[in-house]
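Numbering (this note's numbering), first residue to last: 53 to 252. A virtual CB, placed ideally from N, CA and C, is assigned to each residue, including glycine. The structure presented is a predicted model; accordingly, all values stated were derived computationally and were not measured. Notes for the one structure printed next.
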Amino acid sequence: MSAATAKPDAKRPPRQSRTGLTSTGARKAASKSSRSRSREFALQALYQSLVGGNAVADVDAFTRDLAGFAKADAVHFDALLHGCVEQAGELDALIVPLLDRKLAEISPIEHGVMWIGAYELKHCLDVPWRVVLNECVELAKEFGGTDGHKYVNAVLNGLAPTLRRAEVAADRSTPPLARECRLAPSCGFPSEHAASNPSM
């Protein structure tokens with residue numbers, strides 16, 4: 053094993069400690085869904101991959117050993133981490149046309165969040181597109197730069213109609229109040245944190 057892969061903890065997202073607690077603690081509430089937790093851990097792992105170039109198997113093993121991982125949806129984490137790494141080129145091809153700068157100029161946190169959003173919009177059709185966007189915006193707020201979440205929101209809002217054309221069109225034609233009432237019971241709109249559906 054090379055030096056780069058021997059210590060994956062050397063490259064970790066900003067504001068993230070070994071305990072798995074964030075600087076704000078805002079999204080570590082007991083009611084947070086396992087899916088939300090899996091996205092956080094996936095982002096940590098993707099950051100290590102993007103910045104440190106660590107082997108995905110090493111990053112995977114290290115992340116699963118972090119405190120709090122037992123409360124995450126391990127299957128969804130696995131899909132996000134391995135799916136994003138394996139389809140990195142395809143995901144970047146979807147993202148790049150929506151950027152106003154070179155991909156290399158995007159922070160690795162925002163890059164990782166965009167990967168997660170693009171992957172979920174493309175493959176996780178059980179998750180409503182608005183939930184995907186909301187979760188990714190929250191990730192960018194918590195781990196990224198001051199206005200990184202605004203950039204993530206703009207890019208994924210531009211991508212959603214391409215990957216979820218019918219869903220987005222139908223959703224945007226529905227009055228906001230009716231849309232929230234329709235979605236809330238089944239998906240925990242808008243943030244997947246409803247206790248009635250803790251696993252989304």
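Inter-residue CB distance, residue i and residue j (contact presumed, cutoff 8 Å)
i: Ile168; j: Ala97; result: About 11 Å; that fails the 8 Å criterion.
i: Val189; j: Glu172; result: Contact doesn't hold; Cβ gap of about 13 Å is too wide.
i: Gly210; j: Leu133; result: Contact doesn't hold; Cβ gap of about 25 Å is too wide.
i: Gly164; j: Tyr99; result: 5 Å
i: Ala192; j: Val204; result: 4 Å
i: Arg87; j: His128; result: 6 Å
i: Ser90; j: Asp125; result: 4 Å
i: Leu146; j: Ala131; result: Between Ala131 and Leu146 the Cβ distance is about 17 Å, and since that is not below 8 Å, they are no contact.
i: Val137; j: Val108; result: 5 Å
Opening and closing residue of the alpha helix (DSSP H) in which residue i lies
i: Thr115; result: Val108 to Arg116
i: Leu98; result: Ser86 to Tyr99
i: Ile158; result: From DSSP, Ile158 is part of no alpha helix (DSSP H); its letter is neither H nor E.
i: Gly141; result: Ala140 to Ile147
task = Identify every run of the alpha helix (DSSP H) within the region 161 to 222, keeping only runs that are complete inside it and at least 4 residues long; order them along the chain.
result = Whole alpha helix (DSSP H) segments, 4+ residues: 181 to 195 and 200 to 215.
query = For the 8 Å Cβ check, are there 3 or more pairs between the region 191 to 201 and the region 157 to 166?
reply = They touch, by the three-pair rule.
query = Counting pairs of Cβ atoms below 8 Å between the region 119 to 128 and the region 206 to 222, do you hit three or more?
reply = The region 119 to 128 vs the region 206 to 222: no contact.
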